[in-house]
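With our numbering applied, the sequence shown corresponds to residues 1389 to 2169, in that order.
Notes follow once the structure below has been shown.
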Amino acid sequence: MTRSLSLVCCLFLWISSPSYSQTDSKQGKRPKIGLALSGGGAKGMAHIGLLRLIDSLGIKIDYISGTSAGGIFGGLYAMGYTPDTLKKIALRINWRRVLSNKVPLNQINIEEKDEYDNYMIEFPVMGGRPRLPGALIEGQYISEILNTLTYPAKHINDFNKLPIPITITSSDIVNGGLVLQHSGSLPMAIRATLAIPAAFAPVYIDGRLLVDGGLDRNFPVQEVKEMGADIVIGGYTGFRLFTEKEIENPMKLIYQTHAFRSVEDSKKQEAMADVVVDFTHALTGYSTADFYQNRKIIEIGENEARKYLPQLIKIAEEQKKYPAENTPRAIKDPRLPVTRIKYQNDKGQPLDIPVMEQFAVSRLGLRTGRELKVKAVNDGIADLYGTQFFDKVYYTFENNADTGLTMNVRLKQGKPGVFKAAVHYDTEQSAGLIVNYTYRNILLSKSRLLATVDLSERFKARFDYYKFISENNRLWFKASFSYQALQNNSILYRLIADENYFNNMMNTELSLGYSLGRSSYLSLSVGNENEAIKRGPNVFKRFFGEGNDVRTLYKHSNEAFTILFKQNTLDNLYFPKRGNALTIQGKYLFSNRLSTKVPDPDDEKGQLIYQFLNPMDGLPGNIGRFFLNEQFVKRINRKFSLSASASWGFNYSDKYGIDSSYMYENAKFSMGGIDARQDVSQIGFIGLKRAEFGVANLTSFGLALQYNIKGNLYLTPQVNVAWENRGFNPFNVAFNDDYLFGYGAKLGYMSFMGPINFAVAKTNGFDRNPWRMYLSIGFKF
């Protein structure tokens, strides 16, 4: 009965479906079919369902018009991508990264990795004051995706020469009005039509500043009819007006004021179409920003499109009355050589900064007179953007019969100064506000000045200035200064005394480094190091007059020569899924100067600390030390990643050799903590506080399994083992069976404030060390 009813309904829809114009058929010509795809943000992925149905019925589309999301999927379909491939692309794209304005950490150059994506807010500085940015998202990541997907069509500047001609709509945000894009760079035209004002940065094309075409024409039916379509199939995911209750939300109220004109225009456009697959009602519960619901939206699109099957079958049957056309469905890349590379600003004008153009040429690393593979181009663009001297780096192609294929590299220079800030809290070092000011090309070109201060009970500050000094922009000079006043977490101090102890460290360093690639460098440096251990109230209590009895128990200073190799290919600092981080350091500490304060005779705990800090048999002399630390992360599947780490370090003194009975505090290797940002020679170890356990010679291993529960939520069980080694053999345990084990798990979430980690863990070996809990919120200094 149900099946019979369905057949009757289909027959009724067939009979009652629109009667298409037979003008062309009477003249012996096949009616031209147009496809109009609306904007709708994330909801636009429903168009994929319509495209799949069109392809399955064998309907040949002759013209396409698209706005915003319709421009993306319409443009790729016009190139020859199948709907099944479009579905895979939509599901594979990291939409969180698209909407976060960030690229993976492994695309950032090694000189900038420590600072990248480590702040909650970032504002350009103009006139000495932070200002709001022009848009939240520059779109570096989405531009890379579009350039890669459209690369086979890079030689086509006339969209009418695509397998299916297409018109992409945009709006002129300066002068107003609809802009129809029939030619130029296909990926840039698509990027312009999705530039939602205030969300994505606008795009300059032919001297006009363009944004999302939905401002003027969200459902471009008229445009596809003007291209020559006799029959128009439309996919509409557009605006739904909110109810009175819903517009109590101020953001929805603003959205509604824009929606009225679009809804009114879309009604007129809908009247001009022959078949309109309207997804609006089916997608009522979804917003334009629901990219994380992509799989469900595509499924809804497929189900909704099938409701229009009778009308679409009638179009397919009408087409079959005419001879099949043997036209290529997909573009074949002709593999043309690039004859010229031009460097432009983001307006498409010649770059008028010779120093920065030379900088771009050296970092891009591409040569003309040959075919450029998409991987080589993307690597060059990533390397250039990874220097962070530009807010955005992208490219277009021009194909001229006389000059050949030209690549235009567009460089958007941001404001030279940027103000950044982040709040943080953890159960070990309390709360604080990190404030950063970064200024580029100050004093000298190709340079960066950085000043960072952590305004907290555990005050920290860092200043550095680096500049590229070679023609290939790989050799750099760096001057740095750092100061830290941290809670002393050493287990020894806690076992001996119950008072507050603090470590004050102040270091100055001059370095000469060479970047071996985007992810590694080698440097030589000379520096002055100062450390002190203090006993008494912290800086806040002293500031508010709650005690000034601060005694310096230990003061040590030295000079140091350091050779350092660093490599970092991790895709994310806090929750990596692939890559590695390797540190190899050789260091020579000389001109050591030490003073210790003798405690009062009746201060038993102070006497014990003094005996530990004071070299009873004399200073160990100059110190040579070696340190190696490797973390390797392997992605197992979409949910799981395995992380393995290994560390080895030893000290060699002039007086005691490899088995020194005494070592300066800053020469020891310290273990503890689960946070990603650690100083060189500090080793993470679950179950220990940061820098809780320190020895002169050390071997450590770790294993962790990271499970991505959902979205930005992760669960990571972890185990560590370590021991103090004797001699140069890392596996020669100094004390029989004296192994330190740590085990536990952490629950992590990447929030807008930064990473949030809650850990429960335990270590063996300390009688007073039960199960511990640790909470950390926000980015780290």
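C-beta: ideal position from N, C-alpha, C; glycine also.
Remember, predicted model here, so these are calculated numbers, not experimental data.
Counting the other CB atoms within 10 Å of its CB gives PRO1742 a total below 16, which places it among the exposed residues. Taking the Cα of THR1984 as reference, the smallest distance to any Cα among GLY2006, ASP1790, LEU2128 is reached at GLY2006. Considering only LYS1866, PRO1540, ILE1552, ASN1535, the residue with the shortest C-alpha distance to ILE1578 is ASN1535.
Out of GLY1595, LEU1423, ARG1485, ASN1876, the CA that lies nearest to the CA of TYR1465 is found in LEU1423. For ILE1741, there is no enclosing alpha helix (DSSP H), as DSSP marks it with neither H nor E. LEU1760 and LYS1720 have their C-alpha atoms spaced approximately 15 Å apart. The three-state reading of DSSP puts GLY1427 in coil, since its state is none of H, G, I, E or B. Between the stretch 2093 to 2104 and the stretch 2119 to 2129 there are fewer than three inter-stretch CB-CB distances shorter than 8 Å, so the stretches are not counted as touching. In this chain, the alpha helix (DSSP H) harbouring THR1473 covers 1471 to 1480. As for any alpha helix (DSSP H) of minimum length 4 sitting wholly inside the stretch 1735 to 1799, the runs are 1742 to 1752, 1762 to 1773, ordered along the chain. With respect to ALA1583, ASP1600 sits close: the two C-beta atoms are nearer than 8 Å. The shortest C-alpha to C-alpha distance from GLN2019 to any of LEU1958, GLY1622, ARG2078, TYR1976 is the one to LEU1958.
Assigned with DSSP and collapsed to three states, GLN2094 falls in strand. According to DSSP, residue pairing for THR1727 in a beta bridge does not occur. LEU1904 and LEU1445 have their C-alpha atoms roughly 54 Å apart. In terms of Cβ geometry, ASN2039 and SER2048 form a close pair [threshold 8 Å]. Counting along the chain, LYS2077 sits inside no beta strand (DSSP E), nor does DSSP assign it H or E at all. Contact check for GLY2142 and ALA1809: beta-carbon distance about 11 Å, past the 8 Å limit, so the pair fails to qualify. Taking C-beta atoms under 8 Å as the contact rule, ILE1685 and ALA1430 qualify, at a distance of about 6 Å.
If you draw a straight line from the Cα of LEU2163 to the Cα of ASN1876, it is about 18 Å long. With distances taken between CA atoms, ARG2114 lies nearest to ALA2084 out of TYR1854, ALA2084, THR2104, MET2138. Nearest to ILE2165 by C-alpha distance, out of GLU2080, TYR2137, SER1899, is TYR2137. Rounded to the nearest angstrom, the gap between the Cα atoms of ILE1436 and ASP1450 is 18 Å. Here ILE1688 is actually not in contact with ALA1969; their C-beta atoms are around 42 Å apart, not less than 8 Å. Counting only the Cα atoms, TYR1783 lies some 13 Å from ARG1728.
The continuous beta strand (DSSP E) containing GLU1510 extends over residues 1509 to 1514.
By the neighbour-count criterion, in which 16 or more other beta carbons inside 10 Å mark a residue as buried, GLN1657 falls on the buried side.
A distance below 8 Å separates the beta carbons of LYS1448 and GLU1713. Remark: C-beta atoms of ASP2042 and PRO2003 do not approach each other more closely than 8 Å. Taking all protein chains in view, the Cβ of PRO1492 is crowded by 16 or more other Cβ atoms within 10 Å, so the residue is classified as buried. In this structure TYR1827 is not in contact with LEU1843, their Cβ atoms being roughly 20 Å apart against a cut-off of 8 Å. Residue range 2160 to 2165 is occupied by the beta strand (DSSP E) that includes MET2161. Under the criterion of beta carbons closer than 8 Å, PRO1590 and LEU1598 qualify as touching, at roughly 6 Å. In the three-state reduction of the DSSP assignment, MET2141 falls in the coil class, being assigned neither a helical nor a strand state. GLY1462 is a Cβ neighbour of ILE1554, given a cutoff of 8 Å.
Residue state for THR1581 is assigned as helix, using DSSP reduced to three classes.
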